[in-house]
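See below for the structure under consideration.
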Amino acid sequence: MISDFKKKNDLNFIIYINIIAFIIINILFTFLFLIKLNHNDIVSFLGVSSNTNQIISKPWTLITYMFTHTDFWHVTTNMLWLYFSGAIFLKYLSKQELWTTYLIGGLFGAGIYIMGFNIFPVFYEIKDLSIAIGASASVLAILTASATYVPNLSINIFGSMNVKLKYIALIAILIDILSIRQGNSGGHLAHIGGAFYGYLFIILKNRGFNIAHTINDFIFYDKTQKNKNRNETDYDYNSRKKKEEIKINKILDKISLYGYDSLSSQEKDDLFNQK
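Numbering (the numbering used here) for the sequence shown: 4 to 278.
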């Protein structure tokens, strides 16, 4: 239970960042309104542009855009979806994987948005003016990853019907595809990019390549070196990782057959503390 609470705090922390950013941005908007200045400069500073020259001059926007909202309903909808999909994600996957899925899913979303606006002729006249903001690509990455990992998880809708998680994700993706020509084309392209990463992450994870762990090992290289200095050879390290993977797979099989509540306290700790 303690591990579960700590993991949930990571989800809450991402939500808090988005909400605090929304409040600060709108306070700045109000101030600029009072002194008769244009607030679009703030959006331009934080949002990601489809103009590649703008990206080169403002590379931070590839990250800041996924925490930027200016509209109340936009941030509210995204945070509700993030809480829903993130809570499911953390029942089966780690907080480390949540962070990387949010961030890399957002980067994939930005990448698809930028490529789409620079490839398809329909966007030629607006590609230098378009700016994308919002967490939707990151949120859809988390939702799609969850649906790919536990596709048959049953979700109760309005207390009256059960829908498998995979269908919820498919409907969300389909809506984005069909909405591209209806407006906010860049946003919908970004959502699809996020969904693609979420799917790719789980497919690779199931085949033994965990992107989140690879990034963690790169960031905490010194920690990895210390582990090796404790006389753990590459063979020992790989053998230990294999045993841990087998243990986690058995726990996941048990969840699939009997449900999460069938796990012992130790099994829950093993699942939530996986590295």
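Glycine is no exception: its CB is placed at the ideal position from the N, C-alpha and C atoms.
Remember, predicted model here, so these are calculated numbers, not experimental data.
Contact between Phe-120 and Ser-53 holds: their C-beta atoms lie close to 4 Å from each other, under 8 Å. Assignment of beta-bridge partners to Ala-135 by DSSP yields Val-51. The residues Leu-14, Ile-18, in chain order, have a CB closer than 8 Å to that of Tyr-86 in the same chain once the five nearest residues on each side in sequence are set aside. Here DSSP, grouped into helix, strand and coil, assigns Asn-21 to helix. Collapsing the DSSP output to three states places Asn-43 in a helix.
Under the rule that a run must span 4 or more residues, the alpha helix (DSSP H) segments found entirely inside the stretch 102-152 read 139-152. Scanning its chain for C-beta atoms nearer than 7 Å, with the 5 sequence neighbours on each side dropped, one finds around Phe-92 the residues Leu-101, Ile-145, Ala-148, Ser-149, in chain order. Residue environment for Asp-256: exposed (fewer than 16 other C-beta atoms within 10 angstroms of its C-beta). Looking at the DSSP output, Asn-159 bridges to Asn-165. Rounded to whole angstroms, the separation of the alpha carbons of Lys-169 and Asn-155 is 7 Å. Put simply, the backbone Cα of Phe-126 is about 40 Å away from that of Asn-12. For the options Val-51, Gln-57, Lys-61, the alpha carbon positioned closest to that of Phe-70 is the one of Val-51. Restricting attention to Ile-134, Gly-211, Ala-175, the CA atom closest to the CA of Thr-64 is found in Ile-134. Counting every other CB atom within 10 Å of its CB across the protein chains shown gives Lys-246 a total below 16, marking it as exposed. Straight-line measurement puts the Cα of Lys-98 at about 37 Å from the Cα of Asp-131. Bounds of any alpha helix (DSSP H) do not take in His-72, whose DSSP letter is neither H nor E.
Nearest to Gly-197 by alpha-carbon distance, out of Ala-90, Thr-104, Ile-23, Leu-49, is Thr-104. Remark: C-beta atoms of Val-153 and Asn-81 do not approach each other more closely than 7 Å. Assigned with DSSP and collapsed to three states, Phe-212 falls in coil, not helix or strand. Separation of the CB atoms of Ile-59 and Ile-117 is rounded to 11 Å, and the pair is thereby denied contact status at 8 Å. Rounded to whole angstroms, Gly-211 and Leu-192 show a C-alpha spacing of 29 Å. Looking only at Arg-184, Glu-248, Lys-61, Gly-137, the smallest Cα-Cα distance to Gly-108 is reached by Gly-137.
The DSSP-derived three-state label of Ile-38 is coil.
Taking the Cα positions, Ile-30 is about 10 Å away from Ala-24.
In the structure shown, Leu-266 adopts coil according to DSSP, grouped into three states. Val-166 is not a Cβ neighbour of Ile-178, given a cutoff of 7 Å. CA-to-CA, the gap between Glu-128 and Ile-122 works out to about 12 Å. In chain order, Leu-49, Gly-50, Val-51, Ala-113, Ala-135, Ile-136 place their CB closer than 7 Å to the CB of Tyr-68, counting only its own chain and leaving out the 5 sequence neighbours on each side. With respect to the 7 Å criterion, His-72 and Ala-140 are not classified as neighbours on the basis of their beta carbons.
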